[in-house]
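Peer 1: Quick one: the structure is below, and I'll ask about it shortly.
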Amino acid sequence: MVWYRKETGEEEVTTAPASWRATVMVVDDEPDVLLSVTQILDANNYRTIGARDGYECLMKLRERGDVPDVLLLDIMMPGLSTKDLLNYIESDNRLSNMKIIFLTAIHSQEAEEIGLLNSRQVVDFIEKPFTVRRMLEAVEKAIGKESDSESE
Amino acid sequence: MRAEEGIFTRIIEAIQDIGDIGATVDEISKRVSLERHTLSKYLNQLRADGRISYKQIGRAKVWFVSKAPLQHIFRLSEDEKTYTEKIFSRILSDMPEGILILDFDYNILFMNRYLVALYGDCVGDKFHYVFFGSRNDPTEIKELIDGRVEEVETRVEDVRGRILDIKARPVENPDGSSSIIAIIRDVTERVKNEERIRNLSELHRLLGEAVNRSYTIDQLCSTILRNLRDVIGFDMGDILIYDPVEDALASYSSYSSHGVSEEVKECERILAREAIRRKKAFTFTRFHDSGRGIDEGGERPEPGEIVTRMVEGYELQELHAIPLKTKGAIHGALLIFTRRGRKLSEGDMDLLEGISESIAGGIAKIKAEEEWRLRANVIEISAHPIFMTSPSGKFTYANPAFLRVWGYEAEEEVVGRPWSDFWVNDDVLGVIRERGSWRGSLVAKRRDNSEFTIPLFASLIIGKKGPLQLVGIVNSGIR
């Protein structure tokens with residue numbers, strides 16, 4: 000199985016595996032984090048979409064016909080605030096089943112204080128640095144499937 | 000009038016009669032019909048009063064009637080002054096710093112309005128008594144009188160605790176005698192401000208150092224409290240740390256000029272809990288002398304009998320309670336109490352708010368470090384071998400269990416070495432990098448190159464900027 004991706008994680012896969020486990024949109028302004036996370040998810044049979052900030056995430060969510068199953072979202076990003084992005088997602092019925100996982104350097108207490116954990120779509124909060132294992136488990140839990148990433 | 004005043008007048012007239020060249024003791028003795036010894040005694044008394052002075056010429060003293068510079072100008076009425084004298088006297092009188100003229104016996108000959116406002120009109124009195132309440136001059140003016148220096152610049156504290164900058168020089172009088180002219184500035188406020196700024200800088204430096212040097216919370220609190228006291232001068236102070244798990248408050252450091260009773264500790268806990276509940280600072284101020292207090296924090300809960308009793312018992316004026324909060328949590332409260340009559344300024348309050356944020360940040364960091372040290376200990380004592388490598392596979396850490404199973408003695412022997420020194424299969428590293436994690440059995444390589452198969456779970460750790468490390472946990476129970 001071969002597919003290609005631009006370094007930024009911006010481009011979609013060109014050749015897809017026969018069956019994706021789910022579609023995950025990853026939003027992070029750090030290119031290395033975006034690249035690593037999308038590559039790892041790809042390697043674990045997830046279909047991935049990358050976005051470098053809230054605006055890009057918003058545009059892709061609006062333009063795409065299909066809706067990602069999971070949104071892995073960094074909190075501290077330039078441009079559109081995470082809160083505004085969440086407000087948009089909550090207001091769009093099409094996105095109401097999309098699960099959101101925060102992937103961030105701030106503490107959950109801080110996120111709670113600024114009201115980011117109020118959304119019913121937010122299902123997990125992963126503090127950086129995190130193990131990939133922790134992230135994969137969170138994604139698997141969000142889509143309600145058991146992990147098969149542990150076996151060779 | 001003293002009994003000797005008649006003799007004094009005769010002596011002064013005798014000196015004046017002899018003329019501007021001055022009079023020797025013998026010349027005066029002949030004119031006033033006093034023997035040398037008695038005359039000397041009177042001359043010294045007159046000199047001590049500043050009414051005459053002498054000049055040493057060879058071995059002889061030549062006496063003059065004092066014509067102190069400046070002094071006479073202020074004794075003339077406005078009509079008697081020349082235009083220049085009028086201007087000069089006004090300038091001197093209105094100067095924003097003190098002008099003082101002394102004779103060589105420390106008698107004050109002149110003091111301008113600035114000094115009169117500070118000490119009252121003390122012309123004729125001894126300088127050291129007026130300024131320092133002392134029989135001796137504590138400044139270096141003696142050096143000028145003895146001719147050892149040309150100028151003196153000194154900073155001294157006066158009898159009322161003012162800090163004075165004194166700059167003094169000798170001046171020659173028209174009669175050939177000398178006086179001391181001193182410019183005196185009250186720099187108390189400036190010195191205090193400088194000291195406050197110095198203390199503030201020191202406080203901020205200590206805060207930074209306390210956090211960076213991994214102080215304990217105890218050390219952080221006591222250091223901050225001690226230095227904070229130098230800056231704002233409170234009477235009682237405490238930092239109480241809140242434990243949300245046990246819902247308890249603990250005092251790590253306190254200062255009190257009274258000694259702290261159990262009742263005070265209880266009051267502190269009440270106030271700290273209130274600050275934590277409100278999540279913002281509040282002040283409880285005693286008003287009038289009734290012993291009752293008024294809460295200035297917007298809400299008005301009853302302070303309670305025990306707090307009111309403490310305010311009365313310790314004669315306190317203000318109780319300030321400031322929560323120690325970071326964005327994510329409340330870590331405790333800073334309590335500052337002042338004694339009756341002492342109120343903190345707005346600047347002091349701004350400082351307390353700022354400092355409380357820094358203290359909270361420091362406490363949060365120390366707590367996090369302590370927690371991580373505890374977790375690190377768990378890894379250290381784990382029976383399972385645990386290791387970390389860079390994303391390229393270079394070892395950065397191995398716990399004692401790993402060293403034991405692989406046959407090494409010290410971590411230094413392992414750190415920096417490649418993946419292939421410990422595992423036979425290099426491909427797995429690529430798989431971990433690609434997929435993020437891996438679990439399975441792998442052939443390991445001991446120090447003596449013997450091989451064994453062992454279950455490994457490995458995962459990449461991703462940080463703020465991308466992949467940081469790879470962590471591997473080995474199940475040593477299956478060999």
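Order-wise, the sequence lines are chains F and Z. Take the first sequence: its position 68, counted from the start at 1, is 67 in numbering that gives the first Met the number 0, and no numbers get skipped. Take the second sequence: its position 354, counted from the start at 1, is 353 in numbering that gives the first Met the number 0, and no numbers get skipped. For each residue, glycine too, the CB sits at the ideal point set by N, CA and C.
Just verifying my parser: in three-state terms, what is the DSSP assignment at Gln218/Z?
Peer 2: Numbered from its first residue, the second sequence carries residue 218/Z at position 219. Note: Gln218/Z maps to helix in three-state DSSP.
Peer 1: Got a sec? Which residues, its chain only, sit under 6 Å from Gly296/Z by beta carbon, not counting five neighbours each side?
Peer 2: Here residue 296/Z corresponds to residue number 297 of the second sequence, with the count starting at 1. For Gly296/Z, the pLDDT reaches just 49, beneath the cut-off of 50, and the residue's location in the model is therefore unreliable, leaving the point undetermined.
Peer 1: Less than 9 Å between the C-beta atoms of Glu126/F and Lys464/Z, yes or no?
Peer 2: As a working note, residue 126/F is residue 127 in the first sequence. As a working note, residue 464/Z is residue 465 in the second sequence. Taking 9 Å as the Cβ cut-off, Glu126/F and Lys464/Z do not qualify as a contacting pair.
Peer 1: For chain Z, is any of its Cβ atoms less than 9 Å away from the one on Arg132/F?
Peer 2: On the first sequence, position 133 is the one that residue 132/F refers to. Closer than 9 Å to some Cβ of chain Z, the Cβ of Arg132/F qualifies, so yes.
Peer 1: Taking the straight line between their C-alpha atoms, what separation do you get for Arg299/Z and Ile305/Z?
Peer 2: The residue labelled residue 299/Z in the question sits at position 300 within the second sequence. The residue labelled residue 305/Z in the question sits at position 306 within the second sequence. Because Arg299/Z carries a pLDDT of 49, less than 50, the predicted location of this residue cannot be relied on, and the following value inherits that uncertainty. Rounded to the nearest angstrom, the two C-alpha atoms are 16 Å apart.
Peer 1: Mind checking who Asn106/Z pairs with in its DSSP beta bridge?
Peer 2: The count along the second sequence starts at 1 and reaches residue 106/Z at position 107. Asn106/Z pairs with Lys125/Z.
Peer 1: Counting only beta-carbon separations shorter than 9 Å, does Val377/Z have a partner in chain F?
Peer 2: Sequence index remark: in the second sequence, residue 377/Z carries index 378 (1-based). No, Val377/Z lies away from the interface with chain F (no Cβ there is under 9 Å from its Cβ).
Peer 1: According to DSSP, which residues form a beta bridge with Met348/Z?
Peer 2: Along the second sequence, one-based indexing puts residue 348/Z at 349. Answer is none; Met348/Z lacks a bridge partner.
Peer 1: Going residue by residue through the segment 11-58 of chain F, where are the continuous alpha helix (DSSP H) segments of at least 4 residues, counting only ones entirely within it?
Peer 2: Those alpha helix (DSSP H) runs which fall completely within the segment 11-58 of chain F and span 4+ residues are 30-42.
Peer 1: Cα separation between Phe421/Z and Ser381/Z?
Peer 2: Within the second sequence, the letter at position 422 stands for residue 421/Z. Within the second sequence, the letter at position 382 stands for residue 381/Z. So the alpha carbons of these two residues sit roughly 19 Å apart.
Peer 1: Do Ile358/Z and Ile238/Z have their C-beta atoms closer together than 9 Å?
Peer 2: Residue numbering aside, residue 358/Z sits at position 359 when the second sequence is read from its first letter. Residue numbering aside, residue 238/Z sits at position 239 when the second sequence is read from its first letter. Closer than 9 Å, so yes.
Peer 1: Which residue marks the beginning of the beta strand (DSSP E) containing Asp242/Z, and which one marks its end?
Peer 2: As a first step, residue 242/Z must be located in the second sequence, where it is residue number 243. Its beta strand (DSSP E) spans residues 235-242.
Peer 1: Can a CB atom of chain Z be found closer than 9 Å to the CB of Val36/F?
Peer 2: In the first sequence, the residue the question calls residue 36/F occupies position 37. Chain Z contact via Cβ: present.
Peer 1: Is there a Cβ of chain F sitting closer than 9 Å to that of Gly462/Z, yes or no?
Peer 2: Your numbering for residue 462/Z matches position 463 in the second sequence. It does; some Cβ of chain F falls within 9 Å.
Peer 1: Decide if Asn192/Z is buried, meaning its Cβ has at least 16 other Cβ atoms within 10 Å, or exposed.
Peer 2: What you label residue 192/Z is simply residue 193 of the second sequence in a count that begins at 1. The residue is exposed, with fewer than 16 neighbouring Cβ atoms inside 10 Å.
Peer 1: Pull out every residue of the segment 117-128 of chain F whose Cβ sits closer than 7 Å to any Cβ of chain Z, in chain order.
Peer 2: Result list: Lys127, Pro128.
Peer 1: For Met24/F, count neighbouring C-beta atoms within 10 Å of its own C-beta (all shown protein chains included) and say buried if the count is 16 or more, exposed if not.
Peer 2: Reading the first sequence from its first residue, position 25 is the one you call residue 24/F. Its Cβ being crowded by 16 or more others within 10 Å, Met24/F is buried.
Peer 1: Please tell me whether Lys54/Z and Val61/Z are closer than 9 Å, where the distance is taken between their beta carbons.
Peer 2: Taking the second sequence and counting its residues from 1, one reaches residue 54/Z at position 55. Taking the second sequence and counting its residues from 1, one reaches residue 61/Z at position 62. Cβ distance < 9 Å, so Lys54/Z and Val61/Z count as in contact.
Peer 1: List the residues of chain F whose Cβ lies closer than 9 Å to the Cβ of Leu459/Z, in chain order.
Peer 2: Working through the second sequence from its first residue, we reach residue 459/Z at position 460. The answer, in chain order, is Ser35, Ile39, Thr130, Val131, Arg132.
Peer 1: Looking at Gly435/Z and Ile88/F, is the spacing between their C-beta atoms short of 9 Å?
Peer 2: For the purposes of this step, residue 88/F is taken as residue 89 along the first sequence, with counting starting at 1. For the purposes of this step, residue 435/Z is taken as residue 436 along the second sequence, with counting starting at 1. Not closer than 9 Å, so no.
Peer 1: Is there a Cβ of chain F sitting closer than 9 Å to that of Leu467/Z, yes or no?
Peer 2: Looking up residue 467/Z in the second sequence gives position 468. True, the Cβ-Cβ gap to chain F drops below 9 Å.
Peer 1: Under DSSP, the alpha helix (DSSP H) around Arg338/Z begins and ends at which residues?
Peer 2: Against the second sequence, residue 338/Z aligns to sequence position 339. No alpha helix (DSSP H) contains Arg338/Z, which is instead part of the beta strand (DSSP E) from 329-338.
Peer 1: Using alpha carbons as the reference points, say which of Glu62/F, Met58/F, Leu71/F lies closest to Val26/F.
Peer 2: As a first step, residue 26/F is located in the first sequence; it is residue number 27 there, counting from the start. Cα-wise, what sits closest to Val26/F is Leu71/F.
Peer 1: Considering Cα atoms alone, identify which of Leu38/Z, Tyr113/Z, Phe103/Z, Arg195/Z is closest to Met94/Z.
Peer 2: Numbered from 1 along the second sequence, position 95 holds the residue referred to as residue 94/Z. Of the listed residues, the one whose Cα sits closest to Met94/Z is Tyr113/Z.
Peer 1: Between which two residues does the alpha helix (DSSP H) harbouring Gly429/Z extend?
Peer 2: One-based indexing of the second sequence puts residue 429/Z at position 430. Note, Gly429/Z: alpha helix (DSSP H), 426-434.
Peer 1: Using a beta-carbon distance cut-off of less than 7 Å, what residues from the segment 39-69 of chain F approach chain Z?
Peer 2: Those residues of the segment 39-69 of chain F that come within reach of chain Z (Cβ to Cβ, closer than 7 Å) are Ile39, Ala42, Asn43.
Peer 1: Quick one: what does DSSP say Val151/Z is sitting in, helix, strand or coil?
Peer 2: Walking along the second sequence from the start, residue 151/Z turns up at place 152. In this structure, Val151/Z counts as strand in the three-state DSSP scheme.
Peer 1: The alpha helix (DSSP H) spanning Lys278/Z covers which residue range?
Peer 2: Counting from 1 along the second sequence, the entry for residue 278/Z is found at position 279. That residue, Lys278/Z, is in no alpha helix (DSSP H); it is neither H nor E in DSSP.
Peer 1: Nearest chain Z C-beta to Pro30/F closer than 9 Å, yes or no?
Peer 2: Locating residue 30/F in the first sequence gives position 31, counting from the first residue. Yes, Pro30/F counts as interfacial toward chain Z.
Peer 1: Let's see if you can read the secondary structure: which residues bound the alpha helix (DSSP H) around Thr325/Z?
Peer 2: Residue mapping note: residue 325/Z aligns to position 326 of the second sequence, counting from 1. Taken as a continuous stretch (DSSP letters only), Thr325/Z belongs to no alpha helix (DSSP H), as it is neither H nor E.
Peer 1: Please identify, using Cβ separations under 8 Å, the residues of the segment 414-437 of chain Z that lie next to chain F, in order along the chain.
Peer 2: For the segment 414-437 of chain Z, which is checked against every Cβ of chain F, the residues closer than 8 Å are Val430, Glu433, Arg434, Gly435, Ser436, Trp437.
Peer 1: Do Tyr128/Z and Asp234/Z have their beta-carbon atoms positioned less than 9 Å apart in this structure?
Peer 2: Translated into the one-based positions of the second sequence, residue 234/Z becomes position 235. Translated into the one-based positions of the second sequence, residue 128/Z becomes position 129. Contact flag unset, no.
Peer 1: Are the Cβ atoms of Ile460/Z and Ile385/Z separated by less than 9 Å?
Peer 2: In the second sequence, counting from the first residue as 1, residue 460/Z sits at position 461. In the second sequence, counting from the first residue as 1, residue 385/Z sits at position 386. No, Cβ-Cβ distance for Ile460/Z and Ile385/Z is not below 9 Å.
Peer 1: Can you check which of these residues, Val404/Z, Glu156/Z, Tyr82/Z, is closest to Ser133/Z by C-alpha distance?
Peer 2: On the second sequence, position 134 is the one that residue 133/Z refers to. Per the Cα distances, Glu156/Z.
Peer 1: Excluding sequence positions up to five away, which residues of its chain have a Cβ less than 7 Å from the Cβ of Glu142/Z?
Peer 2: On the second sequence, position 143 is the one that residue 142/Z refers to. If we look at Glu142/Z and ignore the five residues flanking it on each side, its Cβ neighbours are Val148, Val151.
Peer 1: Go ahead and label Thr452/Z buried or exposed: buried means 16 or more other beta carbons lie within 10 angstroms of its beta carbon, across all protein chains shown.
Peer 2: Start at 1 with the first residue of the second sequence, and residue 452/Z comes out as number 453. Thr452/Z is exposed by the Cβ-count criterion.
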